[in-house]
Every structure is written in structure tokens, then in C-alpha cells.
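Participant: Take this structure, written in C-alpha cells, and hold onto it; I'll ask about it next.
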Amino acid sequence: MAFRSKPKHSGGLKDPMLHMAPVSAASSNGLFNYPSNAGSHTSTTAPTGPGYAPSKRRLPLRKVENASITGWLEAMKDSSPPRTRCHPQVDVYDKSEFEAIDMEYKAWAANHPSAVENFEKLIEAASGKRIFVFLDYDGTLSPIVENPECAFMPDEMRTVVKEIATLFPTAIITGRSREKVYEFVQLPELYYAGSHGMDIMGPAEGCNGCKAQGIRALNEEGNEVVLFQPASEFTTIMNEIFKLLEEKASKVSGAKVEHNKFCVSVHFRRVKEEDWLPLAEQVQHVLRSYPNLCLTQGRKVLEVRPLIMWNKGKALDFLLKTLGFGSRSDVFPIYIGDDQTDEDAFKTVVRRKHGLAILVSNVVKETNATSSLQDPNEVLEFLQLLVKWKRRHLNRLCKYLE
């Protein structure tokens with residue numbers, strides 16, 4: 358069964374797009390040229406065309422079938438390190454090993470400076486530019502928890518994100534389904550990009566003076582929204598994959614399968630490590646019949662996705678273009694995320710040469726990010742600093758105009 362979130366703060370709010378019919382990827386909004394025919398999504402025919410070439414890093418399963426699935430599991434373990442420099446496991450690691458870990462982290466942090474400790478210096482680069490804020494959810498706005506259904510956003514975090522959205526165009530780009538993360542966040546003024554950016558929705562009127570462009574649709578309340586779903590033609594096949602993987606996972610204690618609309622996640626967090634390999638092999642076995650899907654790994658999770666050229670970085674570019682800032686040089690995007698899937702967005706920010714790419718991690722990780730925060734508590738602190746900085750700037754401007 359797919360997880361259904363039950364946040365503590367329902368407030369009677371609903372995702373305004375919850376009952377919308379999917380928009381075909383064939384629809385052109387003039388922002389991105391996307392293939393009009395995705396081809397047949399059967400187990401024997403893969404989609405063709407430029408929109409369906411795999412990225413270099415996320416190899417489709419058909420290209421790794423002969424390799425050991427152990428490589429995937431090792432990568433998954435590496436993205437979920439059991440040790441932190443802040444809380445050494447003294448019963449497992451001796452003092453000398455912890456000191457070595459701490460020294461390694463400090464060397465890494467010198468190249469990825471704290472976005473809190475160096476806030477004033479980092480934000481100087483945003484002077485005279487328009488800031489856009491992009492946020493991951495799990496591990497960034499909420500702590501990583503054993504049960505994905507319980508990844509609630511703290512009230513203090515929701516408050517500061519709401520403040521951020523009143524000052525800057527703001528979006529959440531997450532691997533979860535758009536509907537699910539909306540239930541957690543409950544802020545209709547944001548833009549939401551679920552399924553790693555394959556399901557994007559936001560207010561058509563734009564935000565903070567940025568007028569939205571693109572495909573328009575009406576929600577159940579008659580309000581106009583912008584909707585873009587580049588993988589919409591995969592809806593049926595993802596439903597099929599979810600059922601197959603759910604059946605396989607039901608035989609492994611602790612395994613959970615989550616339907617995130619255009620991607621399906623198999624969670625290993627509650628699975629005994631000796632069962633990881635059999636479960637991963639079951640996932641691989643199912644995907645052998647689907648050459649138009651690919652397999653990626655994250656924090657104790659394997660994810661099945663459509664084999665299309667779309668990721669969080671593409672979603673970031675799309676949102677900037679939707680708000681009319683795609684090619685402008687006065688844009689300063691801030692992206693904060695904690696997982697391997699955020700690396701595409703980090704690359705996009707770095708490529709633009711103006712912005713902040715911030716990794717949330719208290720251990721050494723290979724990353725394209727240029728700055729770091731240790732955990733969601735520091736994310737909260739950084740966002741609070743950003744709010745204070747913007748308000749100081751606005752107060753100075755008001756005094757100047759008086």
C-alpha cells in the first residue's frame with residue numbers, strides 16, 4: 358500500500374491539484390521543447406526521441422544488468438553513512454578513529470564552508486540580484502525518520518518557510534509525490550515539484566511580483582494554476598510497477614514501497630541488512646521487463662523512474678523560466694538539499710555562476726555543492742538569517758525612499 362501522510366496540522370487544507378487530470382507531456386508551453394510522442398510504454402518497447410536519453414550518471418537498468426547489484430547497495434550505504442562527527446558511536450569507534458573522522462570533515466568543510474557561519478560573506482554575492490529559493494524536503498526541511506509517513510515538518514520550520522515565501526519566489530523540489538509533500542508543508546503560496554521535478558504545480562499568478570508563464574489549468578476551486586508533468590505518459594506503467602514491487606516487498610520484513618506518482622521508491626531503512634541483497638535482486642528482476650525505466654539509489658532507498666532527461670536541475674531551470682527569469686543574469690538561486698538526487702540541482706546552480714548550492718550533511722560527501730549545513734536545524738537557522746537579511750535590506754530601502 359502506498360503511504361498516505363497524516364500530518365498533525367491538517368487545518369482543513371487540500372492540495373489544490375489533488376483531483377486534476379494529468380497534463381500530457383505533448384502539450385507545449387513554449388518554455389521547453391518536449392517530445393510529443395513518448396512511444397509505447399510496454400515491457401518490450403522503450404520510448405524514443407531526444408527526451409528519453411538517459412543521463413550519464415543514472416544508467417538505465419538494461420545497461421547494468423551484467424554488473425553486480427552489490428554496487429548499488431554499496432552506493433546506497435555510502436549515501437547513508439552510519440557515523441557522524443557530532444555524535445560518535447563510542448561503543449563502536451575508538452577516540453582516535455573519531456578524531457580522524459573529525460579532521461577529515463574539517464578538511465572537507467574548508468572547501469564547503471558553513472552557510473550559517475559564513476552567511477554575510479556568501480550573501481554579498483546576491484547584492485543587486487533576484488533571489489529564488491529552492492528546497493528539498495526530507496533531510497532538509499524535516500529530519501530523516503525511520504517511517505517516511507512520519508516526516509513531519511516542525512512548526513518553526515513551517516513558519517520560516519512561509520516567511521521566506523513572502524520575500525522570495527520559493528519552491529520545494531522533492532522525490533516524494535507532489536500531493537504528499539503538500540500535505541506535510543501546507544503552504545499554497547509555494548511552487549511544488551514532486552517526483553524529482555517530474556510533477557510541477559504552482560500559483561498561476563506567480564509570486565513576489567514574478568508573473569508565471571506556461572500551461573494553465575483550473576483546480577477544483579476554480580483557481581488558475583501552472584502545471585507541468587513531463588512524465589505524464591508514464592502514469593499507467595508506474596502504477597503497474599508499484600503493484601509488482603509492492604507484491605515482492607511484502608515478502609521481506611520491514612520493506613516498504615512508496616508510490617510517488619512518477620517514481621516508485623523501495624525503502625530499505627527498516628530492512629535487516631542481510632535482506633538487502635535479496636530485496637534489491639527482486640527489484641532488479643522486475644525491472645528487466647521495462648527498458649523504458651531506470652533505477653537510482655538514495656538514502657536506504659532504491660527508486661524506479663521513467664527513462665527521460667529530467668531531474669531536479671531541469672526542474673529548477675523550468676521554474677526560473679516559468680517565472681520569467683530563465684535567461685536573465687540577475688538571478689541568484691539558492692538550492693538546499695541533502696541527497697544524491699540533489700546533485701543535478703547543485704550542478705545547475707554552479708553552472709549559472711551566481712547562486713548558492715548548499716549540501717545538508719555532517720559527514721564528508723563528494724558533492725557539487727559549494728557550501729554546507731550540518732542538519733535541518735542549521736537549515737532553519739540559515740533561512741532565519743536570510744529572512745532577517747532581506748528585511749534589513751527592505752528597511753534601508755524604505756528609509757532611503759522617505
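For any residue, its number in my numbering is found by taking its place in the sequence shown, counting from 1, and adding 357. Glycine included, C-beta positions come from ideal geometry on N, C-alpha and C. Treat the numbers as computed from the prediction; the structure is a model and nothing was measured.
Leaving out five residues before and five after K519 in sequence, what residues of the same chain have Cβ atoms less than 6 Å from its Cβ?
Facilitator: For K519, where only same-chain residues beyond five positions count, the Cβ hits under 6 Å are L544.
Participant: Taking the beta strand (DSSP E) that R627 falls in, what are its first and last residues?
Facilitator: That residue, R627, is in no beta strand (DSSP E); it is neither H nor E in DSSP.
Participant: Just the C-alpha distance for S729 and L601, rounded to the nearest angstrom, thanks.
Facilitator: Going by the C-alpha atoms only, they are around 39 Å apart.
Participant: Return the bridge partner residues of S729 from the DSSP annotation.
Facilitator: For S729, which the question treats as bridged, DSSP gives the partners S471 and L716.
Participant: Are A569 and T705 closer than 9 Å when you measure CB to CB?
Facilitator: Contact flag unset, no.
Participant: Pick from F591, L636 and M595: whose alpha carbon is nearest that of K608?
Facilitator: The option with the nearest alpha carbon to K608 is L636.
Participant: Between V661 and V688, what straight-line distance do the alpha-carbon atoms span, to the nearest angstrom?
Facilitator: About 33 Å.
Participant: Roughly how many angstroms lie between the CA atoms of L498 and P733, to the nearest whole one?
Facilitator: Each residue's alpha carbon lies about 6 Å from the other.
Participant: State the DSSP-derived secondary structure class of P545, mapped to helix, strand or coil.
Facilitator: Coil at P545, not helix or strand.
Participant: Less than 8 Å between the CB atoms is what I'm expecting for A528 and F491, so what's the real figure, rounded?
Facilitator: Their Cβ separation, rounded to whole angstroms, is 5 Å, which keeps A528 and F491 in contact under 8 Å.
Participant: Run through the DSSP bridge pairs and tell me what K613 is partnered with.
Facilitator: Partner(s): H624.
Participant: Identify whether Q320 lies in helix, strand or coil by the three-state DSSP scheme.
Facilitator: There is simply no residue 320 to check, as the chain begins at 358 and stops at 759 in what is shown.
Participant: Beta-carbon separation of K671 and G554 under 9 Å?
Facilitator: Against a cut-off of 9 Å, the Cβ pair of G554 and K671 comes out as a contact.
Participant: Once the 5 residues before and after M510 are set aside, which same chain residues still bring their CB inside 7 Å of it?
Facilitator: If we look at M510 and ignore the five residues flanking it on each side, its Cβ neighbours are L498, S499, F541 and V542.
Participant: For Y692, which beta-bridge partners are listed by DSSP?
Facilitator: Looking at the DSSP assignment, Y692 forms a beta bridge with F491 and A714.
Participant: Taking only the alpha-carbon atoms, compute the straight-line gap between D459 and W465 and give it to the nearest angstrom.
Facilitator: Roughly 10 Å between the two C-alpha positions.
Participant: According to DSSP, what are the bridge partners of D556?
Facilitator: According to DSSP, which records beta bridges pairwise, D556 is partnered with G551.
Participant: May I ask you to report which of helix, strand or coil DSSP gives V583?
Facilitator: It is a strand residue.
Participant: Please classify E735: does DSSP put it in a helix, a strand, or coil?
Facilitator: Here E735 sits in helix by DSSP.
Participant: For L737, which residues of its own chain have a beta-carbon under 7 Å away from its beta-carbon, when the five flanking residues on both sides are left out?
Facilitator: Cβ within range, chain order: E513, M514 and V517.
Participant: For E536, count neighbouring Cβ atoms within 10 angstroms of its own Cβ and tell me buried if that reaches 16, exposed if not.
Facilitator: The residue in question, E536, is buried, as its Cβ has 16 or more Cβ neighbours within 10 Å.
Participant: Looking at the secondary structure, which residues open and close the beta strand (DSSP E) in which G670 lies?
Facilitator: Here G670 belongs to no beta strand (DSSP E); instead the alpha helix (DSSP H) covers K669 to T679.
Participant: In terms of alpha-carbon separation, which member of S453, L547 and Y462 lies closest to L676?
Facilitator: Nearest option by C-alpha distance: L547.
Participant: Leaving out five residues on either side along the sequence, give the residues of the same chain with a beta carbon under 7 Å from the beta carbon of G563.
Facilitator: These residues qualify, in order along the chain: A569 and L680.
Participant: Along the chain, where does the beta strand (DSSP E) that runs through Q697 open and close?
Facilitator: Note, Q697: premise wrong, no beta strand (DSSP E); not H, not E.
Participant: Let me know the secondary structure DSSP gives E540 once reduced to three states.
Facilitator: DSSP places E540 in helix when its eight states are reduced to three.
Participant: Quick test of your reading: A702 and L743, contact by CB under 8 Å. State the CB separation rounded to the nearest angstrom.
Facilitator: No, A702 and L743 are not in contact; Cβ-Cβ is about 18 Å, not under 8 Å.
Participant: Would you identify the three-state DSSP class for G311, choosing helix, strand or coil?
Facilitator: Coverage of the chain is limited to positions 358 through 759, which leaves residue 311 absent and any answer about it impossible.
Participant: Looking only at its chain, what residues have a beta carbon closer than 7 Å to the beta carbon of R626, apart from the 5 residues adjacent to it on each side?
Facilitator: Counting only Cβ-Cβ distances below 7 Å, and skipping sequence neighbours, we find E503 and K657.
Participant: Here's the rule I'm using: 16 or more other beta-carbon atoms within 10 Å means buried, otherwise exposed. How should S484 be labelled?
Facilitator: Classification of S484: exposed, given that the 10 Å Cβ count is below 16.
Participant: How would you write the range of the alpha helix (DSSP H) that I529 sits in, first residue to last?
Facilitator: No alpha helix (DSSP H) holds I529; the beta strand (DSSP E) holding it covers T527 to I530.
Participant: When burial is assigned at 16 or more other CB atoms within 10 Å of the CB, is L754 buried or exposed?
Facilitator: Under this definition L754 is an exposed residue.
Participant: On the CB-based measure, 16 or more other CB atoms within 10 Å of its CB, does H642 come out buried or exposed?
Facilitator: Its Cβ having fewer than 16 others within 10 Å, H642 is exposed.
Participant: Per DSSP, L524 is paired with what?
Facilitator: In DSSP, L524 forms no bridge with anything.
Participant: Please report how far the alpha carbon of V640 lies from the alpha carbon of W633, in whole angstroms.
Facilitator: The alpha-carbon atoms of V640 and W633 are separated by roughly 11 Å.
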